[in-house]
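Read in order, the letters of the sequence shown correspond to residues 4 to 424 in the working numbering. Note that beta-carbon positions come from the ideal geometry of N, C-alpha and C, so glycine has one too. Take a look at the structure below.
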Amino acid sequence: MLFNINGKVKEILRIRYVTIILIMASALFAQNPDTLTEKEAPKVFIDYELIDMNFIKNEIPYVNYVIERKDADVYILITTQTTAGEGKEYNIFFIGQGKFSGMCDTLKYYALKSDSDDIIRREITKKIKIGLVRYLAKTHIAEKLLITLPEKKITLKPKDPWHNWVFSIDLYGYFSGQQKYNFNNINTTFSANKILEDWKVLNYLSYYYTKNIYKINDSSIINESKSYSGSTNLVIGLGNHFSAGYYLSFYSSTYENILISSGFSPAIEYNIYPYKESSTRKLTFFYDLGYVYFEYYDTTIFNKLQEKLFKETGSIETNIIQRWGSINLKLTGSHYFHNFKKNRLTLHSDISLPIVKGLSFKVFSYVSMIHDQLSLPKKELTEEEIILQKRILATQYSYYISIGFSYTFGSIYSNIVNPRF
Numbered sequence: 004m005l006f007n008i009n010g011k012v013k014e015i016l017r018i019r020y021v022t023i024i025l026i027m028a029s030a031l032f033a034q035n036p037d038t039l040t041e042k043e044a045p046k047v048f049i050d051y052e053l054i055d056m057n058f059i060k061n062e063i064p065y066v067n068y069v070i071e072r073k074d075a076d077v078y079i080l081i082t083t084q085t086t087a088g089e090g091k092e093y094n095i096f097f098i099g100q101g102k103f104s105g106m107c108d109t110l111k112y113y114a115l116k117s118d119s120d121d122i123i124r125r126e127i128t129k130k131i132k133i134g135l136v137r138y139l140a141k142t143h144i145a146e147k148l149l150i151t152l153p154e155k156k157i158t159l160k161p162k163d164p165w166h167n168w169v170f171s172i173d174l175y176g177y178f179s180g181q182q183k184y185n186f187n188n189i190n191t192t193f194s195a196n197k198i199l200e201d202w203k204v205l206n207y208l209s210y211y212y213t214k215n216i217y218k219i220n221d222s223s224i225i226n227e228s229k230s231y232s233g234s235t236n237l238v239i240g241l242g243n244h245f246s247a248g249y250y251l252s253f254y255s256s257t258y259e260n261i262l263i264s265s266g267f268s269p270a271i272e273y274n275i276y277p278y279k280e281s282s283t284r285k286l287t288f289f290y291d292l293g294y295v296y297f298e299y300y301d302t303t304i305f306n307k308l309q310e311k312l313f314k315e316t317g318s319i320e321t322n323i324i325q326r327w328g329s330i331n332l333k334l335t336g337s338h339y340f341h342n343f344k345k346n347r348l349t350l351h352s353d354i355s356l357p358i359v360k361g362l363s364f365k366v367f368s369y370v371s372m373i374h375d376q377l378s379l380p381k382k383e384l385t386e387e388e389i390i391l392q393k394r395i396l397a398t399q400y401s402y403y404i405s406i407g408f409s410y411t412f413g414s415i416y417s418n419i420v421n422p423r424f
């Protein structure tokens, strides 16, 4: 018995020795200078959540990546806007801090809608490489820089046979099921857009169909709904701050008891900041005055099968993306002229703010005060229709809120890429 106990003690001691050796080895590896870039290399912080940081670290290994903006020598902020061809314009802002204070640049990259994620990440990485050159030039790393240029001459932009018109067709089907439940959904959209510097026209069509089947004992409960919509939006620029145009639209929804809704709304917008600065800041005031025609599937709670109304809508929106964070707020109010009590007030917010080093605050919310449900059906809904949400339900409010904090601490460096499991 004593022999067995001594054997177990020796085994435990061997395990402890091995563990200590492994810990010491890991500490030595952690201090290996090869895992960190040279101290003189610029410290970089990239502010864009959708970017592939592992790819960038592999492609640009000659800078130090830090996890906190305030620790960076070069703060890189990336913002996006949708382009005429339904692609994206990436604005890449290089902001020097500390020893590079005052050294700022902006580069742009235009991605096509058809570009793959790999193409986009490679092109963004290329722009980041170019933007970092002026900072690297002020360190001894500049001695290792090699710049090459293509030998081919730059050619003029080819003629566009489509004259800036961009067409898009999307068709999606979603199908899932279990032994006692099936879900089927079809969603299709079509758009035809032409966007120029001073004006744009957007045309849009959509169709949505969904069917849920619940199998209970020997019977089936079916929840089926469909909707379609279309719109034309013309906007003309009136200088650096004003825009004017109109909306022309139609809409149908079995869920909302709307057989057909059509409307026309002239609109105007004023932006306090020049539109060219909209990738980093905007504060707009929008107003439209419109005529709307409704025709319903069933008689409404107001004893209407159809009606013709006038409506006005106003909104204030601000969108700011800066080093200290990003704020997007939009307040929209509307009412019908036949009864001012038939109104709606909606607030959207999307906020991301760093509070102190390593601690950031994020909130996304949607809150709406609803008093304009003109299409509510008069007949009483069954329990089945209410539970399965076959028809729109009466409500005076609607909301969605997501709120959270994120705290990161420890080493300021994040150069190492390790894709192992």
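Would you check if the distance between the CB atom of residue i and the CB atom of residue j is smaller than 8 Å?
| i | j | result |
| --- | --- | --- |
| residue 320 | residue 312 | no |
| residue 219 | residue 387 | no |
| residue 97 | residue 134 | yes |
| residue 259 | residue 395 | yes |
| residue 326 | residue 80 | yes |
| residue 45 | residue 67 | yes |
| residue 381 | residue 316 | no |
| residue 179 | residue 192 | no |
| residue 498 | residue 256 | Outside the modelled stretch of the chain, which goes from 4 to 424, sits residue 498, for which no answer is possible. |
| residue 415 | residue 82 | no |
| residue 92 | residue 78 | no |
In the DSSP output, which residue or residues are listed as bridge partners for residue i?
| i | result |
| --- | --- |
| residue 269 | 249 |
| residue 65 | Beta-bridge pairing links residue 65 to no other residue. |
| residue 114 | 91 |
| residue 292 | 315 |
| residue 357 | 363 |
| residue 260 | In the DSSP output, where bridge partners are listed per residue, residue 260 has none listed. |
| residue 204 | 197 and 237 |
| residue 338 | 315 and 346 |
| residue 227 | 214 |
| residue 141 | DSSP, once it has assigned bridges, lists no residue as partnering residue 141. |
| residue 180 | 185 |
| residue 297 | 264 and 310 |
Closest to residue i by CA distance: which of the options is it?
| i | options | result |
| --- | --- | --- |
| residue 318 | 295, 345, 112 and 351 | 351 |
| residue 392 | 44, 213, 83 and 93 | 213 |
| residue 43 | 90, 139 and 109 | 139 |
| residue 238 | 171, 111, 251 and 230 | 251 |
| residue 272 | 266, 293 and 244 | 244 |
| residue 266 | 296, 415, 255 and 276 | 296 |
| residue 379 | 262, 277 and 283 | 262 |
| residue 87 | 334, 201 and 234 | 201 |
| residue 301 | 240, 283, 383 and 316 | 383 |
| residue 65 | 132, 119 and 113 | 132 |
| residue 299 | 347, 366, 343 and 376 | 376 |
| residue 469 | 92, 402, 171 and 348 | Nothing can be reported for residue 469: it is not among the residues displayed for the chain, which extend from 4 to 424. |
| residue 409 | 415, 362 and 370 | 362 |
| residue 171 | 59, 289, 82 and 115 | 115 |
| residue 235 | 269, 48 and 174 | 269 |
| residue 254 | 240, 211 and 226 | 211 |
| residue 53 | 110, 121 and 106 | 121 |
| residue 279 | 57, 84, 59 and 404 | 84 |
Looking at the structure shown, is residue i part of a helix, part of a strand, or coil, going by DSSP?
| i | result |
| --- | --- |
| residue 26 | Only weak support exists for where residue 26 lies, its pLDDT of 44 falling under 50; the coordinates are left without a value. |
| residue 284 | strand |
| residue 147 | helix |
| residue 315 | strand |
| residue 278 | helix |
| residue 103 | helix |
| residue 381 | coil |
| residue 53 | coil |
| residue 152 | coil |
| residue 308 | coil |
| residue 375 | coil |
| residue 324 | strand |
| residue 395 | coil |
| residue 424 | coil |
| residue 175 | strand |
| residue 416 | strand |
| residue 46 | strand |
| residue 83 | strand |
Buried or exposed: where does residue i fall if 16 or more other Cβ atoms within 10 Å of its Cβ makes it buried?
| i | result |
| --- | --- |
| residue 182 | exposed |
| residue 385 | exposed |
| residue 248 | buried |
| residue 75 | buried |
| residue 314 | buried |
| residue 100 | buried |
| residue 423 | exposed |
| residue 413 | exposed |
| residue 407 | exposed |
| residue 277 | exposed |
| residue 274 | buried |
| residue 291 | buried |
| residue 287 | buried |
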